[in-house]
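*Asks:* Protein sequences, first through last, are from chains A and B. Reminder that position 69 of the first sequence reads as 922 in my numbering, one-by-one numbering, no gaps. Reminder that position 165 of the second sequence reads as 259 in my numbering, one-by-one numbering, no gaps. We treat Cβ as the ideally placed atom computed from N, Cα and C, and that holds for glycine.
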Amino acid sequence: MRKVIGTAAIVMIGFLYVPIVAVVAYSFNASPVSYRWDGLTLDWYAALLQDAPLLAALRTSLLLGVLAGAIATAIGFLSAYALHRFPIRGKGVLLAAVAVPLVVPEIVIGVALLRTFSTVGLQNGLLTLVLGHIVIALPMATFVLLGAMRALDPSVHEAASDLGAGVLGTFWRVTLPILRPAILAAFLLSFTTSFSNIAISTFTAGVGTTTLPIRIYSSVRTGLTPELNALGSLMVVLTLVVILVVGVGQMRRILAGSAPGSTP
Amino acid sequence: MHRSASIVAATAAVVLLATGCSAGGGGEDANTTLSIYGWSGEVPDGVIAAFEEETGIDVTFDSFDSNETMIAQLDAGQSGYDVVQPSQYAVQLLVQRGLIAELDHDRIEGLDNLAESFVDPSFDPGNAHAIPFAWGTTGILYNEACTGREITSWADMWDPAFSGKIYMLDNMLSAYIAGMQVRGLSILSTDEAEVEEGTEALLEQKPLLAGYNSTNAADLVGAGDACIAQAYSGSSAAQATAANPDVHFVQPEEGGTLWTDSFSIVEGTQNEDAAYQWLSFTLRPEIAAMLTDEANLATTNEAALAEVQDQSLVTNPAIFVPQESLTNAEFLVDPGSALAYFQDGWTRVRAS
Chain A
854 MRKVIGTAAI
864 VMIGFLYVPI
874 VAVVAYSFNA
884 SPVSYRWDGL
894 TLDWYAALLQ
904 DAPLLAALRT
914 SLLLGVLAGA
924 IATAIGFLSA
934 YALHRFPIRG
944 KGVLLAAVAV
954 PLVVPEIVIG
964 VALLRTFSTV
974 GLQNGLLTLV
984 LGHIVIALPM
994 ATFVLLGAMR
1004 ALDPSVHEAA
1014 SDLGAGVLGT
1024 FWRVTLPILR
1034 PAILAAFLLS
1044 FTTSFSNIAI
1054 STFTAGVGTT
1064 TLPIRIYSSV
1074 RTGLTPELNA
1084 LGSLMVVLTL
1094 VVILVVGVGQ
1104 MRRILAGSAP
1114 GSTP
Chain B
95 MHRSASIVAA
105 TAAVVLLATG
115 CSAGGGGEDA
125 NTTLSIYGWS
135 GEVPDGVIAA
145 FEEETGIDVT
155 FDSFDSNETM
165 IAQLDAGQSG
175 YDVVQPSQYA
185 VQLLVQRGLI
195 AELDHDRIEG
205 LDNLAESFVD
215 PSFDPGNAHA
225 IPFAWGTTGI
235 LYNEACTGRE
245 ITSWADMWDP
255 AFSGKIYMLD
265 NMLSAYIAGM
275 QVRGLSILST
285 DEAEVEEGTE
295 ALLEQKPLLA
305 GYNSTNAADL
315 VGAGDACIAQ
325 AYSGSSAAQA
335 TAANPDVHFV
345 QPEEGGTLWT
355 DSFSIVEGTQ
365 NEDAAYQWLS
375 FTLRPEIAAM
385 LTDEANLATT
395 NEAALAEVQD
405 QSLVTNPAIF
415 VPQESLTNAE
425 FLVDPGSALA
435 YFQDGWTRVR
445 AS
């Protein structure tokens, strides 16, 4: 029985990776059509490197993801910390309010943002994109961090203050280091949310800030090119590198048995 | 804490990199910059580069995924764009909303290079608001090895022999082109009963369909996984026919429709001179020809045809649909208040 379930799990997880393998394989296919294999080529990678508009869109998306991710994580951390540590009236209402952007359809948020920005006279551009993406990234960052804080052993804080640490000292030297993996997770989740977003970007992008998903979506009408497979492959590789670096770092920390916060 | 320090450093580096690169788009000096909002893949990079080099104007090109998105952006005001690239029905919508400017033809050079079908088009009398740049049709892509015979009409897309091997475009009005014309109706009809008949045709067709698909139907036809698909002429149709000699693109004998994407100047732009320079530049034969050579799309510019480097593109029926099959083709225009009938019918078709 256990063998059956194990095999089923492997098959299902394998299924998840089939499209990724396909995209990588086709990025080396010399044929411009996906149903025929004409041998290996690196032409699509060369074409990708020369596609200035696509690279500009990639740069916009990366910058946007980093900015929106970092700001959402910072604000998310503060709100989660406040909600967790302090007795606030109407905590449930606040929590629900933070969660609202997760359940409202993105296109509605996008249109609402467009109207708001035009009412206050803010021209669409990087600023409006970042603001729009914070709206959808913030709930995730907040909940990831709130979950991590709730899992914290409260006695750690008590121990720190017993040993003479002040509120700020406890925060910097105890809470923050313990929460570092959760902060990183919140950032990566926010970054990914921002990076893959289409609906909100559509309404908040402006002159010179076409994001990568918009660019790709827009090219559907004139035909998707194998260049996009090359781009997809590079992103898969990049993701793997990030996961390996983050994952290996965590593993080493656990294996070394270093107590949280003891790193210099 | 080394890792967090390097994350901070990387963030700062990315910020500096991008702000440094985007600093050029400020646009304080009118007419030294031009912001264009158009279709990805329909304005060759070479055209933009040549324009920048000749005029010294710094061009920013952004792409949209649909006419509706572009209209919404302009509608919100102060989009910052100087030139947009609407399809024919979107030109009408933009004019109705006063979002694009009436063109001063005295400031445009090369208008007489346009092919006859694009001079004084139905959607924009007198080319008052839009200068057509790219064109194509909505037709049929089929794999003869799979169909076993020549395909000539929309009616073939209702043939039970191809059941489960037919794809329609995932686009309301495109689907209705076939639905209305197969019943001998005009896609320009705004009559509720006639639209209803088109809806019934689509409902009748639905069980035969493999699906509605606007992304990779051309690949599926090429591979033989689909026999017949509704498709736009142009780059992907041309690619499919070039890759497989059994694949053909045809304009249906019921008429089909023409589409064209034009350049228009946004009402109230600060860079009017630069925008007019762009219109004149793209009307030059040798520049318009780059659309066909670089993007494999049909140029609206008659004088450009002789300038196309690869003349096989001009005779390729998947790019330049032959004139004789276009005699009954109409521009798909804004259905106005009849849009509601189409939307209602489409909802029922999709839900059936």
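1. Strictly under 7 Å for the Cβ-Cβ distance: is B:Ala-323 near chain A by that measure?
2. Starting from B:Trp-133, trace the beta strand (DSSP E) both ways and give me its first and last residue.
3. Please identify, using Cβ separations under 7 Å, the residues of the stretch 931-956 of chain A that lie next to chain B, in order along the chain.
4. How is the beta strand (DSSP E) around B:Ala-195 delimited, first residue to last?
5. Which residues, in chain order, does the stretch 870-901 of chain A contribute to contact with chain B at a C-beta distance below 8 Å?
6. For B:Asn-338 and B:Tyr-261, what's the separation of their Cα atoms in angstroms?
7. Residues in the stretch 352-370 of chain B with C-beta within 9 Å of chain A's C-beta atoms, listed in sequence order?
8. At 8 Å on the CB atoms, spell out the chain B contacts of A:Ala-1058, in chain order.
9. Give the single residue among B:Ser-330, B:Asp-176, B:Ser-356, B:Asp-319 whose Cα lies nearest to the Cα of A:Val-1073.
10. Any C-beta of chain B within less than 9 Å: which residues of the stretch 976-995 of chain A qualify?
11. Does A:Gly-1100 pass the burial test, meaning 16 or more other C-beta atoms within 10 Å, or should it be called exposed?
12. Tell me, which residues are paired with B:His-342 by DSSP?
13. Could you pull the start and end residues of the alpha helix (DSSP H) that B:Met-262 belongs to?
14. Under three-state DSSP, which class holds B:Asp-250?
15. Apart from the five residues on each side of it in sequence, which residues of its chain come closer than 7 Å, Cβ to Cβ, to A:Gly-918?
16. State the Cα-Cα distance for the pair B:Glu-238 and B:Gln-275, rounded to the nearest angstrom.
17. Below 8 Å CB to CB, which residues in the same chain sit around B:Ala-311 once its five sequence neighbours on both sides are set aside?
18. Could you check if B:Leu-110 is buried or exposed, using at least 16 other CB atoms within 10 Å of its CB as the buried criterion?
19. Along the stretch 172-185 of chain B, where does the CB come closer than 8 Å to a CB of chain A? Name the residues.
20. Of the residues A:Leu-984, A:Met-993, A:Ile-962, which one's Cα is nearest the Cα of A:Ala-1052?
21. On the CB-based measure, 16 or more other CB atoms within 10 Å of its CB, does B:Met-164 come out buried or exposed?
22. So what does DSSP say about B:Trp-353, is it helix, strand or coil?
23. Can you give me the C-alpha to C-alpha distance between A:Val-857 and A:Met-865, rounded to a whole angstrom?
24. If we cut at 7 Å on Cβ distances, does A:Arg-1068 have a partner in chain B?
25. Should the stretch 276-292 of chain B be called in touch with the stretch 184-204 of chain B, which here means at least 3 C-beta pairs below 8 Å?
26. When you check each C-beta in the stretch 137-171 of chain B against every C-beta of chain A, which residues fall closer than 8 Å?
27. Between the alpha carbons of B:Ser-257 and B:Asn-390, how many angstroms are there, rounded?
28. Whole angstroms is fine: what's the gap from A:His-986's alpha carbon to B:Leu-296's?
29. Looking at the strands, I want to know which residues DSSP matches up with B:Gln-324.
30. Could you tell me whether any Cβ in chain B is nearer than 7 Å to the Cβ of A:Thr-969?
31. B:Ala-228 by DSSP, collapsed to three states: which one?
32. Per the contact definition of three or more C-beta pairs closer than 8 Å, is the stretch 993-1007 of chain A in contact with the stretch 926-941 of chain A?
*Replies:* Considering the structure as presented:
1. Position 229 of the second sequence, counted from the start, is the residue given in the question as residue 323 of chain B. Taking Cβ atoms only, chain A never reaches closer than 7 Å to B:Ala-323, which makes this a no.
2. On the second sequence, position 39 is the one that residue 133 of chain B refers to. It spans 127-133 - the beta strand (DSSP E) in which B:Trp-133 sits, taken as one unbroken run.
3. none
4. Position 101 of the second sequence, counted from the start, is the residue given in the question as residue 195 of chain B. Note, B:Ala-195: premise wrong, no beta strand (DSSP E); not H, not E.
5. Ser-884, Pro-885, Val-886, Ser-887, Tyr-888, Arg-889
6. Against the second sequence, residue 338 of chain B aligns to sequence position 244. Against the second sequence, residue 261 of chain B aligns to sequence position 167. C-alpha of B:Asn-338 to C-alpha of B:Tyr-261: approximately 18 Å in a straight line.
7. none
8. Translated into the one-based positions of the first sequence, residue 1058 of chain A becomes position 205. Those are Asp-156, listed as they occur along chain B.
9. Locating residue 1073 of chain A in the first sequence gives position 220, where the first residue counts as 1. Answer by Cα proximity: B:Ser-330.
10. Gln-976, Asn-977, Gly-978, Leu-979
11. Residue 1100 of chain A sits at position 247 when you count from the first residue of the first sequence. A:Gly-1100 comes out exposed.
12. As a position in the second sequence, residue 342 of chain B is number 248, starting the count at 1. The partner list for B:His-342 (beta bridge, DSSP) reads B:Tyr-236.
13. Position 168 of the second sequence, counted from the first residue, corresponds to residue 262 of chain B. Where B:Met-262 is concerned, there is no enclosing alpha helix (DSSP H), although the beta strand (DSSP E) it sits in stretches over 260-262.
14. Your numbering for residue 250 of chain B matches position 156 in the second sequence. Helix.
15. For this step, residue 918 of chain A is matched to residue 65 along the first sequence. Same-chain partners within the cutoff: Phe-1044, Ser-1047, Phe-1048.
16. The residue labelled residue 238 of chain B in the question sits at position 144 within the second sequence. The residue labelled residue 275 of chain B in the question sits at position 181 within the second sequence. Approximately 23 Å, taken between the alpha carbons.
17. Residue numbering aside, residue 311 of chain B sits at position 217 when the second sequence is read from its first letter. Cβ within range, chain order: Leu-235, Tyr-261, Leu-263, Ala-320, Ala-323, Gln-324, Ala-325.
18. The residue you call residue 110 of chain B lines up with position 16 of the second sequence. Bear in mind that a pLDDT of 45 at B:Leu-110, under 50, signals an unreliable position, so the number given afterwards is only what the model happens to contain. With fewer than 16 Cβ atoms within 10 Å of its Cβ, B:Leu-110 is classed as exposed.
19. Gln-172, Ser-173, Gly-174, Tyr-175
20. Within the first sequence, residue 1052 of chain A is the residue found at index 199, counting from 1. If we check each option's Cα against that of A:Ala-1052, A:Ile-962 comes out closest.
21. Within the second sequence, numbered from 1, the residue matching residue 164 of chain B stands at position 70. With 16 or more other CB atoms across the displayed protein chains lying within 10 angstroms of its CB, B:Met-164 is buried.
22. By 1-based counting over the second sequence, the position of residue 353 of chain B is 259. Three-state result, B:Trp-353: strand.
23. Locating residue 857 of chain A in the first sequence gives position 4, counting from the first residue. Locating residue 865 of chain A in the first sequence gives position 12, counting from the first residue. Looking at the two C-alpha atoms, the distance is approximately 12 Å.
24. On the first sequence, position 215 is the one that residue 1068 of chain A refers to. Judged by the 7 Å Cβ criterion, A:Arg-1068 is in contact with chain B.
25. no
26. Those residues of the stretch 137-171 of chain B that come within reach of chain A (Cβ to Cβ, closer than 8 Å) are Asp-139, Thr-154, Phe-155, Asp-156, Ser-157, Phe-158, Asp-159, Thr-163, Ala-166, Gln-167, Ala-170, Gly-171.
27. As a position in the second sequence, residue 257 of chain B is number 163, starting the count at 1. As a position in the second sequence, residue 390 of chain B is number 296, starting the count at 1. Rounded to the nearest angstrom, the two C-alpha atoms are 32 Å apart.
28. Counting from 1 along the first sequence, the entry for residue 986 of chain A is found at position 133. Counting from 1 along the second sequence, the entry for residue 296 of chain B is found at position 202. Straight-line Cα distance between these residues: approximately 39 Å.
29. Here residue 324 of chain B corresponds to residue number 230 of the second sequence, with the count starting at 1. Assignment of beta-bridge partners to B:Gln-324 by DSSP yields B:Ile-234.
30. The residue given as residue 969 of chain A occupies position 116 in the first sequence. No, A:Thr-969 lies away from the interface with chain B (no Cβ there is under 7 Å from its Cβ).
31. One-based indexing of the second sequence puts residue 228 of chain B at position 134. The answer is strand: DSSP assigns B:Ala-228 an E or B state.
32. yes
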